[in-house]
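Heads up: the protein sequence lines correspond to chains A and B, in order. Numbering-wise (the numbering used here), the first sequence opens with residue 181 and increments by one. Numbering-wise (the numbering used here), the second sequence opens with residue -5 and increments by one. Just so you know, even glycine gets a beta-carbon here, dropped at the ideal spot from N, CA and C. Note that the structure is a prediction, hence the values are computed from the model and not measured.
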Amino acid sequence: MTVTPDHSAPAAATGMPAAKAPAPDTSAITVRGLAKSYRSGGRGVVNALAPVSFTVGDGEFVCLVGPSGCGKSTLLKILAGILKPSSGEYRIHKQGGAVADCQIGLVFQSPVLLPWRTVLQNTMLPADALELDRDAMRQRALQLLDMVGLKGFEQSYPSELSGGMQQRCSITRALLHDPPILLMDEPFGALDAMTRDIMNSELQRIRLESGKTIFLITHSISEAVFLADRILVMSARPGRIVDEVIPDLPDRGSLDVMTTPQFGVAVHRIRKLLGIDVRNRPNVD
Amino acid sequence: MSIEHNASSAEILPEENSATGVAMPTKARNYRGLLSFGTLVALLAIVEACVRGFDIPAYIFPAPSDIFRSLYAGFAAPLASRSAFYTHILTTVSEALGSFVCGSVLGIVLGGLIAEFPLLRRLALPYVIGLQSVPKVALAPLFVVWFGLGISSKIVLGILLTFFPLMVNTVAGFAGVEKDRLELMRSLKAGSWKTFRYVKLPSALPFIFAGLEMAAAYSVLGAVVGEFVGGTSGLGVLMLNRNAALDIAGSMAALVLLALLGIALQKLVTMARNRLLFWAPSKDVLRNAEPEPD
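The following block contains the structure:
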């Protein structure tokens, strides 16, 4: 399964003005001072997201952990182009090799499959929305469904699938138009612990095979440490990025890595940054 | 990879094919049909026995057999004669169908526009709600004056009756589209037409069909009330005439035909619904309350 052509073409070749991009063009996402606030009827202005800045490198897997209500989902929705920021700026860098104009694939916490479409038709939704070549996309959809273990279920309807299978279908949908960047908002949060482990290792495999840039939001510290090259830790209101953790793990491919001491070190560090002291009663997650 | 495969095939449950709506085997269905038919025959027999036993006069309450005789006479009469049912049925069916189709289309289109354009909603909604609080049947005499004794006054009344449930349901359907689905389309850079076509319209269909089911009943109501107020032919006119002649059996025969017309329209809507909305759980409360056959 080689779905992604290399993204080695430098972004500068697209003719971006040099002054606008002082950083080397190896980043896929650049976020500078991004904030979101909105007026709420009774309570005046609500700050959904305090100004945050960070970058995600090309091909990097970055996880964002933080307590509920810190603005993680708001941040992701801004990056996905669903919400407009109140201030600050972000750039999704154009990559070569993307099939479509749409640079991102989005995975929600719930699968958000359309119940009147079959699994194959749901996977094909980006082809309809972005007006891509249907025959080529159909081939690709079948390949992707095979990759996530949904071969044989192409003509099933979502209501006939289990939660884990539905979420896998939503991942194939996000991958269909071959976006260089995947944005995921607690994609496995609604699944049971065992299915979640399986999905995590599958996601890791997909990522290693396709070399996509992934930005994933999660509550689960161990999920973040298992998946990510780098973990951004966000504080509760006001949601700021407190620090980043780069776990030093021996082997990313297998779930066994979760039992290594390095894994424990990274988990411990994040817990401390989040202010969850094990001796005091944990109040988050 | 192959391990994943096995795991996923084990996840699917060998449950009944609920999505396609194939409910029960034909044998069980035949049995049920027989049971319903038997109940109907028994009920009619009881009524017949009561009417004859208590010697109730036919101008108060006719026996079912009299109604059947009247039905037969109406169909056996020559096509063009005044006592035949055919022209009356044709009139009422065209009135009901006409108002059902026109009212539904109008309701869906206006509902869609109101849901999509907030400005229109603010402008049109007060009038629509004001109109709704008028008892629309009370407008029937006016419509007869304006549009005559023919078919058009009944269709206008029917449109007024069917239009509202459809508009309200359409607005509710579009307003109730899951936010996640809309955000998904926005993340795929889909414009409003594509979002409408791929997400909003299908999401709103269950609501629209609930409105169509109501409209089917209202369209027959509109036709009959219109005919009562003033008309030259139709099942409502037939009922009035027979009533005036104290031919209650004939009046009830017309009533039976009206009921059949209502059922047929309802059935058409249900058939279309089952075809289009195989994916949506049925909103039919009465039918869902039935225990599963074992």
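- Counting the other CB atoms within 10 Å of its CB gives A/Met374 a total below 16, which places it among the exposed residues.
- Less than 7 Å separates the beta-carbon of A/Gln347 from that of A/Pro291.
- For B/Lys188, at least one C-beta of chain A is nearer than 7 Å to its own C-beta.
- Per DSSP, A/Arg219 lies in no alpha helix (DSSP H); the unbroken beta strand (DSSP E) holding it starts and ends at Ser207 to Ser220.
- Residue state for B/Pro120 is assigned as helix, using DSSP reduced to three classes.
- One finds Leu182 in chain B with Cβ atoms closer than 8 Å to the Cβ of A/Pro306, taken in chain order.
- In this structure, B/Val41 places its C-beta atom within 7 Å of the C-beta atom of B/Pro58.
- It is roughly 27 Å from the alpha-carbon of B/Ser77 to the alpha-carbon of B/Val139.
- Per DSSP, reduced to three states, the secondary structure at A/Arg420 is coil, with no helix or strand assignment.
- The shortest C-alpha to C-alpha distance from B/Ser213 to any of B/Glu89, B/Ser64, B/Met161 and B/Pro72 is the one to B/Glu89.
- Counted as a single uninterrupted DSSP element, the beta strand (DSSP E) harbouring A/Met414 occupies residues Arg410 to Met414.
- Of B/Thr85, B/Ser30, B/Leu125 and B/Ala70, the smallest CA-CA separation from B/Thr226 is found for B/Thr85.
- Within chain B, no C-beta atom comes less than 8 Å from the C-beta of A/Ser390; the nearest is roughly 15 Å away.
- Excluding residues up to 5 positions away in sequence, Ala280, Asp281, Cys282 and His357 lie with their Cβ nearer than 8 Å to the Cβ of A/Leu310 in the same chain.
- DSSP places A/Ile394 within a strand segment (E or B) once states are collapsed to three.
- The closest CA to that of A/Pro430, considering only A/Ala354, A/Pro441 and A/Glu366, is found on A/Pro441.
- A buried status is given to B/Tyr192, since no fewer than 16 other beta-carbon atoms sit within 10 Å of its beta-carbon.
- Assignment of B/Val41 by DSSP, reduced to helix, strand and coil, places it in the helix class.
- Going by beta carbons, A/Arg219 and A/Ser233 fall outside the 7 Å limit.
- A residue is called buried when at least 16 other Cβ atoms come within 10 angstroms of its Cβ; B/Met265 does not meet this threshold and is exposed.
- Secondary structure note for A/Ser267: its beta strand (DSSP E) is the uninterrupted segment Ser267 to Ile272.
- For A/Phe395, same chain residues with a beta-carbon under 6 Å away, outside a window of 5 residues either side, are Val236, Val242 and Leu363 in chain order.
- Scanning B/Tyr25, B/Leu104 and B/Phe69 for the CA closest to the CA of B/Ile202 turns up B/Leu104.
- Within the DSSP secondary-structure output, A/Met364 pairs in a beta bridge with A/Val287 and A/Leu396.
- Three or more beta-carbon pairs drawn from the region 93 to 101 of chain B and the region 141 to 158 of chain B are found closer than 8 Å, and the two stretches are therefore classed as touching.
- Residues Ser64 and Arg236 of the same chain have their beta carbon placed closer than 7 Å to that of B/Gly244, with the five preceding and five following residues left out of the count.
- Closer than 9 Å at the C-beta level to chain A, one finds these residues of the region 188 to 221 of chain B: Lys188, Thr189, Arg191, Tyr192, Val193, Pro196, Ser197 and Leu199.
- As computed with DSSP, A/Thr235 is found in a beta bridge with A/Thr210.
- Excluding residues up to 5 positions away in sequence, Ala57 lie with their Cβ nearer than 7 Å to the Cβ of B/Arg46 in the same chain.
- According to DSSP, residue pairing for A/Gly224 in a beta bridge involves A/Ser220.
- Bounds of any alpha helix (DSSP H) do not take in A/Cys282, whose DSSP letter is neither H nor E.
- Sixteen is the threshold: when 16 or more other Cβ atoms of the shown chains lie within 10 Å of the Cβ of B/Arg267, as they do, the residue is buried.
- CA-CA distance, B/Leu229 to B/Ala248, rounds to 6 Å.
- For the pair A/Gly343 and A/Asp377, the Cα-to-Cα distance works out to about 14 Å.
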